[in-house]
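S.K.:
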Amino acid sequence: MAKKLINGNYAAAFGAKLARAEVIAAYPITPQTAVVEQVADFVASGEMKARYVCVESEHSAMAACIAAASAGARTFTATSSQGLLLMHELLHWATGARTPVVMVNVNRAVAPPWSVWADQTDSISQRDTGWMQFYSESTQEELDTVIMSYKVGESPDIMLPSFTTEDAFFLSHTFEPVEIPSQELVDGFLPPFRPEIRLDVENPRGFGSLSMPHQWYMELRYLIAEAMDRARERILRVEQEWKELTGRSYGGPLDEYRTEDADVVLMNAGTAASTIREVVDNLRREGKRVGLARIRCFRPFPTEEIRALGRRVHTIGVMDRCYTFGDGGPFFTEVKSALYNLKDRPAVKNFVVGIGGRDITMKTVGKLYDNLFRIKAGGLDSEKEWIDLKRPEVG
Amino acid sequence: MSRQPRSYKDLPLAPITYEDTREAFKTGSWRTFKPVVDNSRCKKCWICWKFCPDMSIRILEDGTGVEIDYDHCKGCGICATECPARCIEMVPED
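Top line first, the protein sequences correspond to chains U and H.
Each residue of the first sequence is one higher than the last, beginning at 8 in our numbering.
Each residue of the second sequence is one higher than the last, beginning at 46 in our numbering.
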């Protein structure tokens, strides 16, 4: 193993290289471009043996990955924001065709107004496409998760696509020392991709096809549902294998920090978790029983882990760097839904924070914990609140 | 793999078909108008054959014109519209 000082985008590219991705579809978009640029360097220098396809749009990028995966190739692409939204149709296709494409999405706000800054609306909008979604906190985690997601997605009984996200700039452009695993280690962990069903001129089959309502459409969708449920257990097992090889793991789909005896817990996905950890440590020194539960995996959703947490804590605050207009933060609504059938449910409040890349500071997080303690003492003040919003001055 | 699955457990992972789907799906009954070709006026340009979105136009082996695959033609009328010789007529189905 060697250490390199790299940012999240380069870490993602190293992940694709070490996984021996064979077909890369590249279309640039800020803040992702450095991912496919670094992969281009690897391919140009011969370090990576891959077919590098420059496509004319993100829609085509995904089409190229689906086609290559259908032919039995391991594929990789990266995108962000508007690019991910343009891919939407084909994200559904990748799932239905059971092509385990791996992608990196840099979480960037959607326009208008234009903003290239961190916001998770782009990936959350892909909730129902059947892609596994991982949210990284660190540069190292980004590299490791890209490799792990190939192993999970390509399992013969799963065969589902996945993307790993990086918060724009906070992760995509922040340099950290990262351990680059050896090729030998990754080869031992990740076997070559050999899908059972693939395009084969010796054995021609119709792909995609058509199903009438009385035929098999519903059953094929059920198979996807089953595979996604199996992925919960597989994600844990693959992370355990990775830990045995590298010593690193990230807490499974719900990464908990100092929650064992916590009264109040903040939940979050993405890089703000690092800031929250600092605040947790500070408050713990003051004797306040606070914790953090980082949602690392949005699909499959860590329902059981959240219920286990909900059984023992009094108050949960769910932070959303995205919003579902007409309802609330998407992480909030899903957490609440997971807890609903518990007999004794914790109070849950939604904090809408960091929209469009607004900084989530330690001061911000401190206010959220104060609010949770007020809820614990006096009950829920409001179900959701936009934090650090510029409001008109009162009086 | 059984050709006739009975439940979701018998299905292949992905939606694939093992045989020529044209045999399994006859779509000719969707038609309300059918193309009728007058090969005596056909210029052999094969534009109808190129434009047909369902590959339902066959060029006759002796090259004297085309024939329509009425098992699969859905009657869209693109061939009749595109034919420069106007030798394909769309006729209402009975």
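By construction, the Cβ of each residue, glycine as well, lies at the ideal position given by its N, Cα and C atoms.
No experiment lies behind these values; they were computed from the predicted model shown.
(1) Three or more beta-carbon pairs under 8 Å between the segment 21–29 of chain U and the segment 80–97 of chain U, yes or no?
(2) For Thr82 of chain U, list the residues DSSP reports as bridge partners.
(3) What are the start and end residues of the alpha helix (DSSP H) that includes Glu161 of chain U?
(4) Go ahead and pull the three-state DSSP assignment for Glu134 of chain H.
(5) Is the beta carbon of Gly22 of chain U less than 7 Å from the beta carbon of Ile154 of chain U?
(6) Determine, using beta carbons only, whether Val185 of chain U and Ala18 of chain U come nearer to each other than 7 Å.
(7) The alpha helix (DSSP H) that contains Glu88 of chain H, what's its start and end?
(8) Give me the Cα-Cα distance between Val287 of chain U and Val123 of chain U, rounded to the nearest whole angstrom.
(9) Grouping DSSP H, G and I as helix and E and B as strand, with all else coil, what is Arg67 of chain H?
(10) Provide the residue span of the beta strand (DSSP E) that contains Gly324 of chain U, from first to last.
(11) Mapping DSSP to helix, strand and coil, what is Lys391 of chain U?
(12) Classify Pro184 of chain U as helix, strand or coil using the three-state DSSP reduction.
(13) What residue from H:Ile92, H:Asp99, H:Glu106 and H:Trp91 has the CA that sits closest to Asp114 of chain H's CA?
(14) I want to verify the contact list: residues of chain U whose CB lies under 7 Å from the CB of Ala59 of chain H, in sequence order.
(15) May I have the straight-line CA-CA distance separating Lys119 of chain H from Glu96 of chain U, to the nearest angstrom?
(16) Output yes if chain U places a C-beta closer than 7 Å to the C-beta of Pro66 of chain H; else output no.
(17) Exposed or buried, which one is Ser179 of chain U when buried takes at least 16 other CB atoms within 10 Å?
(18) Cβ closer than 8 Å: which chain U residues qualify as neighbours of Phe70 of chain H?
(19) How many angstroms separate the CA atom of Ala68 of chain U from the CA atom of Asp65 of chain H?
(20) Give the DSSP bridge partners of Gly336 of chain U, in chain order.
(21) On the three-pair Cβ rule with 8 Å, is the segment 376–391 of chain U touching the segment 54–65 of chain H?
(22) With DSSP as the reference, identify every bridge partner of Pro80 of chain H, one or two as the case may be.
(23) Looking at the C-beta of Tyr157 of chain U, does it have a partner C-beta in chain H at a distance below 7 Å?
(24) Say whether the segment 104–120 of chain U touches the segment 156–170 of chain U, bearing in mind that this needs 3 or more beta-carbon pairs closer than 8 Å, one atom from each stretch.
(25) Which chain H residues sit within Cβ distance under 7 Å of Leu195 of chain U?
(26) Can you tell me whether DSSP reads Val108 of chain U as helix, strand or coil?
(27) Cα separation between Met46 of chain H and Leu167 of chain U?
(28) If distances are taken between C-alpha atoms only, which option among H:Arg76, H:Gln49, H:Val82 and H:Asp107 comes closest to Arg142 of chain H?
(29) Residues in its own chain within less than 6 Å of Gln133 of chain U by CB, not counting five upstream and five downstream?
(30) Return the bridge partner residues of Asn114 of chain U from the DSSP annotation.
(31) Just list the beta strand (DSSP E) runs in the segment 199–280 of chain U, keeping only unbroken ones of 3 residues or longer that don't cross its boundaries, in chain order.
(32) Alpha carbon to alpha carbon, what distance is there between Gly259 of chain U and Leu396 of chain U?
(33) Put Phe403 of chain U into one of helix, strand or coil per three-state DSSP.
(34) Between Thr109 of chain H and chain U, is the shortest Cβ-Cβ distance under 7 Å, so that the two count as touching?
(35) Rounded to the nearest angstrom, what separates Ser77 of chain U and Gly90 of chain U at their Cα positions?
(36) List, from N- to C-terminal side, the alpha helix (DSSP H) runs of 4 residues or more that fit wholly inside the segment 43–80 of chain U.
M.R.: Here's the rundown:
(1) yes
(2) In the DSSP assignment, the residues bridged to Thr82 of chain U are U:Val30.
(3) Thr146 to Glu161
(4) strand
(5) yes
(6) Yes, the pair counts as a contact, with Cβ atoms nearer than the cut-off.
(7) Per the sequence presented here, residue 88 of chain H reads as Lys, with Glu not at that position. Premise fails: Lys88 of chain H is in no alpha helix (DSSP H) and is neither H nor E.
(8) 29 Å
(9) Here Arg67 of chain H sits in helix by DSSP.
(10) Gly324 of chain U -> beta strand (DSSP E) spans Thr322 to Asp327.
(11) Three-state DSSP puts Lys391 of chain U in a strand.
(12) strand
(13) Nearest neighbour of Asp114 of chain H by Cα position, chosen from H:Ile92, H:Asp99, H:Glu106 and H:Trp91, turns out to be H:Asp99.
(14) Ala104, Arg105 and Ile204
(15) Those two C-alpha atoms are separated by around 26 Å.
(16) Checking the sequence, you will find Thr at residue 66 of chain H rather than Pro. Answer yes: the Cβ-Cβ gap between Thr66 of chain H and chain U drops below 7 Å somewhere.
(17) That one is buried.
(18) Leu217
(19) So the two alpha carbons sit approximately 29 Å from each other.
(20) Paired residues: none, contrary to the question.
(21) no
(22) H:Met135
(23) no
(24) yes
(25) Reading off the sequence, residue 195 of chain U comes out as Gly, not Leu. Neighbours of Gly195 of chain U on chain H: none; closest Cβ ~26 Å, over 7 Å.
(26) coil
(27) Confidence at Met46 of chain H is low in this model, with a pLDDT of 45, below 50, so its placement is unreliable and no value can be given for it.
(28) Nothing in the structure corresponds to residue 142 of chain H, since chain H is present only between 46 and 139.
(29) Around Gln133 of chain U: Leu98.
(30) In the DSSP output, where bridge partners are listed per residue, Asn114 of chain U has U:Asp174.
(31) 261–264 and 271–275
(32) Their Cα atoms are separated by approximately 33 Å.
(33) This structure leaves residue 403 of chain U out entirely; chain U is present only between 8 and 402.
(34) no
(35) 22 Å
(36) 65–77
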